[in-house]
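Visitor:
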Amino acid sequence: MSTQDILIFATKQVNIYFGLSIMILGVIGGIFNIIIFTTLKTFRETTCAFYLTAVLVVNIIQLVIALFVRILSEGFSTDIKRTSWVCKIQVYMAVWCLLVSMTYVCLATIDQFLSMSHYRRFSNLRFAQRCICMILNSNFAMYVTRFHFPILYGVLPLTTMTTFSLLAFYNARTLISRQINLVRLSRDRQLTAMTLVHVVFVVITMLPYIIYFIYSLNQTTNDPEKIARNNLIYTTLILISYSSYAGSFYIYSCVSQRFRQQLIFIISNVCIKQCQQWMNKRGNNQIVPNTEIIGDIQLTRTKTNGDSIDVVFIK
21 MSTQDILIFA TKQVNIYFGL SIMILGVIGG IFNIIIFTTL KTFRETTCAF
71 YLTAVLVVNI IQLVIALFVR ILSEGFSTDI KRTSWVCKIQ VYMAVWCLLV
121 SMTYVCLATI DQFLSMSHYR RFSNLRFAQR CICMILNSNF AMYVTRFHFP
171 ILYGVLPLTT MTTFSLLAFY NARTLISRQI NLVRLSRDRQ LTAMTLVHVV
221 FVVITMLPYI IYFIYSLNQT TNDPEKIARN NLIYTTLILI SYSSYAGSFY
271 IYSCVSQRFR QQLIFIISNV CIKQCQQWMN KRGNNQIVPN TEIIGDIQLT
321 RTKTNGDSID VVFIK
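Counting in the numbering used here, the sequence shown runs without a single skipped number right up to 335 at its last residue.
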């Protein structure tokens with residue numbers, strides 16, 4: 021087996037095992053995130069959590085559609101992307117989800133900065149709800165290389181997220197000297213820490229892919245081995261970038277004590293109780309005979325599925 025064949029095989033395995041792991045863990049974590057953000061009143065009433073919930077919905081769509089199609093096409097070598105409408109949907113959803121997710125994370129960091137400053141009145145849930153509420157050709161390629169990736173996907177969102185998350189973190193550390201409700205202070209500090217660590221994770225996972233993508237556009241080669249090596253590097257980096265859509269649940273679980281408490285509450289009071297009710301229902305459906313002797317008559321009463329059946333034996 022040549023070096024080129026080994027690299028091609030490695031690329032497929034990375035797509036299958038690494039890609040499927042990211043998709044499965046990301047979807048499960050995203051669902052848990054949405055449940056926690058929508059059930060815990062402390063988070064549900066905040067604008068930042070509302071933006072983060074919107075990010076989670078978009079991220080799940082990105083994983084289920086864009087990443088899954090990529091796994092089927094590149095990992096299992098199917099012809100799914102050769103179907104015109106599938107290819108168009110995959111490209112459109114990948115671009116749309118990417119921009120929307122980055123935009124909402126930027127809005128979440130800006131909102132958290134406002135809520136921790138003297139401009140708190142601009143942190144408005146109704147405004148956030150209103151905010152929530154391409155053809156591939158040479159021109160589009162120029163747009164992608166000169167504006168989309170370096171600006172919309174690179175410098176602008178990463179700079180915005182980093183700047184405002186650091187400002188919010190600084191404000192959170194200085195709020196202790198002000199007269200402020202302790203419950204709100206604890207909540208805002210946890211949300212600030214969650215958004216800051218989330219932003220750091222996004223920057224770490226996204227930046228290598230952006231840099232390599234821009235670099236690869238200016239590289240041309242006809243060497244099959246070098247092409248296979250570049251494809252392996254590109255696949256690894258793009259899957260790492262997809263982990264930014266999948267890792268928020270695990271980040272929030274590590275950073276926020278309130279988030280962990282709500283997660284434990286959901287698991288213990290919803291999942292376990294449902295299992296107990298199911299087990300009790302099965303137990304109630306079992307046949308339980310009850311025998312009673314009255315004189316020369318033996319009465320046997322059997323219950324099954326809530327109905328009773330009487331059987332009489334005369335001695």
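Don't be surprised by glycine CBs; every beta carbon is placed ideally from N, CA and C. These numbers come from a predicted model, not from an experiment.
Can you check whether the CB of S185 is closer than 7 Å to the CB of T215?
Guide: For the purposes of this step, residue 215 is taken as residue 195 along the sequence shown, with counting starting at 1. For the purposes of this step, residue 185 is taken as residue 165 along the sequence shown, with counting starting at 1. Yes. Within cutoff.
Visitor: Grab me the residues of A188's own chain with a C-beta within less than 6 Å of its C-beta, minus the 5 sequence neighbours each way, in chain order.
Guide: Locating residue 188 in the sequence shown gives position 168, where the first residue counts as 1. Cβ neighbours of A188 beyond the five flanking positions: Q132, F133, M136, T212.
Visitor: Considering only residues of the same chain and omitting the five flanking positions on each side of N251, which have a CB-CB separation below 6 Å?
Guide: The sequence position of residue 251 within the sequence shown is 231, counting from 1. If we look at N251 and ignore the five residues flanking it on each side, its Cβ neighbours are T31.
Visitor: Do Q282 and I48 have their C-beta atoms closer together than 7 Å?
Guide: To locate residue 282, count along the sequence shown from 1; it is residue 262. To locate residue 48, count along the sequence shown from 1; it is residue 28. No, Cβ-Cβ distance for Q282 and I48 is not below 7 Å.
Visitor: Can you tell me where the alpha helix (DSSP H) holding G46 begins and where it ends?
Guide: Here residue 46 corresponds to residue number 26 of the sequence shown, with the count starting at 1. First-last of the alpha helix (DSSP H) with G46: 39 to 59.
Visitor: Checking 7 Å against the spacing of the C-beta atoms, do Y270 and F279 come in under that value?
Guide: Stepping through the sequence shown from its first residue, residue 270 is reached at position 250. Stepping through the sequence shown from its first residue, residue 279 is reached at position 259. No, the Cβ-Cβ distance between Y270 and F279 is not below 7 Å.
Visitor: Using the Cβ count rule (16 or more neighbours within 10 Å means buried), how would you classify Y37?
Guide: As a first step, residue 37 is located in the sequence shown; it is residue number 17 there, counting from the start. That one is exposed.
Visitor: Can you look up S206 in the DSSP assignment and give me helix, strand or coil?
Guide: One-based indexing of the sequence shown puts residue 206 at position 186. Here S206 sits in helix by DSSP.
Visitor: Given L92, which residues of its chain have a CB within under 7 Å of its CB, disregarding the five upstream and five downstream residues?
Guide: For the purposes of this step, residue 92 is taken as residue 72 along the sequence shown, with counting starting at 1. Result list for L92: T98, I100, in chain order.
Visitor: With DSSP as the reference, label T23 as helix, strand or coil.
Guide: By one-based count along the sequence shown, residue 23 stands at place 3. Note: T23 maps to helix in three-state DSSP.
Visitor: Which residue from M181, T255, D208, T182 puts its Cα closest to that of T194?
Guide: Here residue 194 refers to the residue found at position 174 when the sequence shown is read from its first residue. It is D208 whose Cα lies nearest to the Cα of T194.
Visitor: When you measure from the CB of S137 to every non-hydrogen atom of the ligand MN, does any distance come out below 6 Å?
Guide: This structure lacks the ligand MN, and indeed carries no ligand of any kind.
Visitor: Which residues in the same chain as C126 place their Cβ atom closer than 6 Å to its Cβ, once the five residues preceding and following it in sequence are excluded?
Guide: Here residue 126 refers to the residue found at position 106 when the sequence shown is read from its first residue. Closer than 6 Å at Cβ, skipping near neighbours: P177, T180, M181.
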